[in-house]
Amino acid sequence: MIRLGLCCIFKSEPIKFRRTTAKYLLSLGQRGRAAFLADLCRHNADALYRALQFCAANGIGAFRINSQILPVKTHPEAGYDLDRLPGGDRIVERFKTCGAFSRENGIRTTFHPDQFLVLSSPKADVVRRSVADLEYHAMVAGWVNADAINIHGGGAYGDKATALRRLAAVIEGLDRDIRDRLTLENDDRVYTPADLVPVCRQTGVPLVYDIHHHRCLPDGNSVERTTEAALSTWNREPLFHISSPLNNKTGPCRPHHDFIDPRDFPDCWRDLDFTLEVEAKAKELAVLQLKRDLNLL
DNA sequence: AGCGGTCAAGTTGAT
DNA sequence: ATCAACTTGACCGCT
635 MIRLGLCCIF KSEPIKFRRT TAKYLLSLGQ RGRAAFLADL CRHNADALYR
685 ALQFCAANGI GAFRINSQIL PVKTHPEAGY DLDRLPGGDR IVERFKTCGA
735 FSRENGIRTT FHPDQFLVLS SPKADVVRRS VADLEYHAMV AGWVNADAIN
785 IHGGGAYGDK ATALRRLAAV IEGLDRDIRD RLTLENDDRV YTPADLVPVC
835 RQTGVPLVYD IHHHRCLPDG NSVERTTEAA LSTWNREPLF HISSPLNNKT
885 GPCRPHHDFI DPRDFPDCWR DLDFTLEVEA KAKELAVLQL KRDLNLL
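Under this note's numbering, the first residue of the first sequence is numbered 635, with each subsequent residue one higher.
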């Protein structure tokens with residue numbers, strides 16, 4: 635069975651997640667800031683619940699939660715704790731209700747922190763802040779029943795082998811509640827599946843295989859072979875990514891298309907049991923379209 | 001009501 | 001040395 639996943643937001647369904655910036659928060663007084671944040675975080679917890687309901691009602695088996703669900707959470711000056719906000723305990727309860735809904739309805743939830751989270755950096759402070767960001771993700775993941783916090787390998791700094799050794803060492807030092815959820819994804823500029831699989835084997839962290847990135851940044855291995863290697867790293871339902879490039883299909887990596895061209899879905903995935911996150915600008919419309927195109931209805 | 005400038009953070013590679 | 005691209009909005013604040 636193939637479970638298709640929706641990434642973060644909706645195209646036409648009126649479910650919106652709110653955001654803010656550190657700059658704006660710092661322009662507010664202490665009381666105003668706490669009230670503003672409580673309102674925003676409460677809104678996002680409610681929006682997440684509605685997002686999961688939409689997925690359950692429409693046969694979408696997975697939902698990627700935007701890392702900004704609690705925006706600016708780990709910022710050095712503007713960061714905050716929910717339990718210090720007015721009504722913060724009820725906001726946490728609301729997130730836990732999302733987790734219960736996820737469990738009861740079999741909707742998988744995941745996170746994909748953005749490019750600023752880098753565990754391979756030679757700069758200790760970058761790694762320290764990245765780990766702090768992972769702690770935030772793991773905390774929310776525990777509430778909402780997310781079993782994947784998916785990151786890229788980061789930079790190469792002119793020496794991939796050394797950077798990958800740093801990456802593995804940092805992963806091995808992470809707390810279990812992070813490490814048990816962490817996944818590594820091949821990217822389109824630096825780290826291929828062939829680069830990451832050894833780190834996955836060493837650390838027990840699974841590989842999220844992004845086939846579009848693999849086509850942009852090949853490593854000499856076929857899709858079939860890479861699929862097998864990726865599957866072998868998983869101790870739970872595997873998670874892969876698909877997207878279609880916006881313009882012509884050859885040449886360097888292009889931005890995402892509105893929809894998925896079903897020809898980009900490889901034959902060798904047809905009979906697997908896994909989650910496939912759909913990275914397409916038309917969001918839920920693209921997920922539902924791909925379901926039809928693959929006869930998964 | 002509509003629109004434009006802005007937004008925490010890292011790294012790479014084009015200029 | 002500088003800066004856009006990653007992804008891509010959503011927000012505030014001004015008109």
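For glycine and all other residues, C-beta sits at the position ideal for the given N, C-alpha and C.
Residues that Phe697 bridges to, as DSSP identifies them: Leu640, Thr743
Chain-order list of residues whose beta-carbon lies under 8 Å from that of Gly713 (same chain, five-residue window excluded): Val706, Lys707
Buried or exposed (CB count within 10 angstroms, at least 16 for buried), Ala920: buried
Sequence-distant residues of its chain with Cβ nearer than 7 Å to Val804 (five each side left out): Leu753, Val761
Same chain only: Cβ atoms within 7 Å of Val824, ignoring 5 sequence neighbours per side: Gly787, Gly789, Ala790
Exposed unless 16 or more other CB atoms sit within 10 angstroms - verdict on Pro648: exposed
Cutoff 7 Å; reference Gln836; Cβ partners in own chain excluding five residues on either side: Ala802
Burial state of Glu911 (16 or more Cβ within 10 Å): buried
Proximal residues to Leu716 (C-beta, below 6 Å), its chain only, five neighbours per side dropped: Gly722, Ile725, Val726
Burial state of Ser866 (16 or more Cβ within 10 Å): exposed
Burial state of Ala914, where buried means 16 or more other Cβ atoms lie within 10 Å: buried
Environment of Pro587 [buried if 16+ CB atoms lie within 10 Å]: Lying before the first or after the last residue shown, residue 587 is absent from the chain, which here runs from 635 to 931.
Enclosing alpha helix (DSSP H) for His771 [first to last residue]: 758-778
C-alpha gap between Glu918 and Lys925, whole angstroms: 11 Å
Residue closest to Phe735, alpha-carbon to alpha-carbon, out of Arg653, Arg763, Ala690: Ala690
Own chain residues within Cβ distance below 6 Å of Asp907, not counting five before or after: Met635
Three-state secondary structure assigned by DSSP to Asp811: helix
Range covered by the beta strand (DSSP E) that runs through Asp844: 841-844
Arg653 versus Leu818: straight-line alpha-carbon distance, rounded: 26 Å
Anticipated Cβ contact below 8 Å, Ile785 with Pro747, distance rounded: 6 Å
Best match in Phe670, Asp759, Leu674, Glu871 for proximity to Gly639 [C-alpha to C-alpha]: Glu871
Rounded distance between the beta-carbons of Leu686 and Ile643, thought under 8 Å: That belief does not hold up - the Cβ atoms of Ile643 and Leu686 are roughly 14 Å apart, past 8 Å.
Within 8 Å, strictly: CB atoms of Ala916 and Lys650: no
DSSP three-state assignment for Leu906, whether helix, strand or coil: coil
Coarse secondary structure for Glu871, derived from DSSP in three states: coil
Unbroken stretches of the alpha helix (DSSP H), 4 residues or longer, contained in the segment 782-809: 794-806
Residues that His891 bridges to, as DSSP identifies them: None, per the DSSP bridge assignment.
As assigned by DSSP and simplified to three states, the class of Glu647: coil
Burial state of Ala696, where buried means 16 or more other Cβ atoms lie within 10 Å: buried
Assumed close pair Cys675, Leu704 - CB separation to whole angstroms, cut-off 8 Å: 6 Å
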